[in-house]
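Novice:
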Amino acid sequence: MIQQPFSSQLLEKAVSEFSKFPGIGRKTALRLVLWMLRQEETEVEQFAETIHRMKQEIKYCHICHNISDTDTCPICGDPRRDAQTICVVENIQDVMAIENTMQYKGLYHVLGGVISPMDGMGPSDIEIDSLVSRVAEGNVKEVILALSPTMEGDTTNFYIYRKLAPYGDVKISIIARGVSVGNELEYTDEITLGRSILNRTLFEGK
Numbered sequence: 007m008i009q010q011p012f013s014s015q016l017l018e019k020a021v022s023e024f025s026k027f028p029g030i031g032r033k034t035a036l037r038l039v040l041w042m043l044r045q046e047e048t049e050v051e052q053f054a055e056t057i058h059r060m061k062q063e064i065k066y067c068h069i070c071h072n073i074s075d076t077d078t079c080p081i082c083g084d085p086r087r088d089a090q091t092i093c094v095v096e097n098i099q100d101v102m103a104i105e106n107t108m109q110y111k112g113l114y115h116v117l118g119g120v121i122s123p124m125d126g127m128g129p130s131d132i133e134i135d136s137l138v139s140r141v142a143e144g145n146v147k148e149v150i151l152a153l154s155p156t157m158e159g160d161t162t163n164f165y166i167y168r169k170l171a172p173y174g175d176v177k178i179s180i181i182a183r184g185v186s187v188g189n190e191l192e193y194t195d196e197i198t199l200g201r202s203i204l205n206r207t208l209f210e211g212k
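Here the sequence shown is numbered in the working numbering, starting from 7 and rising by one per residue.
1) Do HIS115 and ILE92 have their CB atoms nearer than 8 Å?
2) Whose C-beta lies closer than 7 Å to the C-beta of GLY112 among residues of the same chain, with five residues either side of it excluded?
3) Which value, in whole angstroms, describes the spacing of the CA atoms of GLU49 and PRO85?
4) In terms of residues, what are the limits of the beta strand (DSSP E) holding GLU148?
5) Threshold first: 4 residues or longer. Then list the alpha helix (DSSP H) segments lying entirely within the stretch 58–107, N to C.
6) In the DSSP assignment, the alpha helix (DSSP H) including LEU113 goes from what residue to what residue?
7) Would the stretch 71–78 and the stretch 53–60 be scored as touching if the rule is three or more Cβ pairs under 8 Å?
8) So, at 6 Å on beta carbons, what are the nonlocal neighbours of GLU96 in its own chain, with the 5 sequence-adjacent residues on each side left out?
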């Protein structure tokens, strides 16, 4: 179906920009743009300024690579967290999902992806070396592999297991498979995810 052009080129441009968001089609983008047109100019300016500041000022924690307003995120900087336990996750959304369970009190390590040759993602494209460096410092007692139970997640688990093998005194565990195979971690309900963290088992790298 051929899309009819809007009566305003500015409207057309705005809809095109909003439709670049994941899960946002042109109809939804149009509703959002028309809604913004109805708002006070000061509110729209505040919205634009917030997005601009987020892009310009947001940082990534130099320890775990979680998003932060400072060089060290609030989780890594919290002395009440268990610094001897690191939970390895694929992305920032997974940190939020696990935090929402209120069942985990250790630190995190955000890989920024998983090994996926089909997508051009290799070990050097994600934060595995920095994880090994953290373990090599000698303060870590357990590494929890909390990646989504997909083929790519399992491949990444095994690779990390092999990289950490020289540090034999570090326990490597994996979340219990209460999370259905093939599901993304961030979409798992909090109760299931929380139980999966608590009922984690040793990783069998075979």
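By construction, the Cβ of each residue, glycine as well, lies at the ideal position given by its N, Cα and C atoms.
All values reported here derive from a predicted model rather than from experimental measurement.
Specialist: According to the structure data:
1) With contacts defined as CB atoms closer than 8 Å, HIS115 and ILE92 qualify as a contacting pair.
2) Listed in chain order, the non-local C-beta contacts of GLY112 below 7 Å within the same chain comprise ARG87, ASP88, THR91, ILE92 and CYS93, local neighbours out to five positions each way being set aside.
3) One Cα belongs to GLU49, the other to PRO85, and the distance between them is close to 38 Å.
4) Looking at the DSSP string, the run of the beta strand (DSSP E) that includes GLU148 is 148–151.
5) As far as the stretch 58–107 is concerned, its whole alpha helix (DSSP H) runs of at least 4 residues are 98–107.
6) DSSP places LEU113 in no alpha helix (DSSP H) but in the uninterrupted beta strand (DSSP E) bounded by 112–116.
7) With the rule of 3 Cβ pairs closer than 8 Å, the stretch 71–78 does not count as touching the stretch 53–60.
8) Excluding sequence neighbours, GLU96 sits near LEU117, VAL120 and LEU153.
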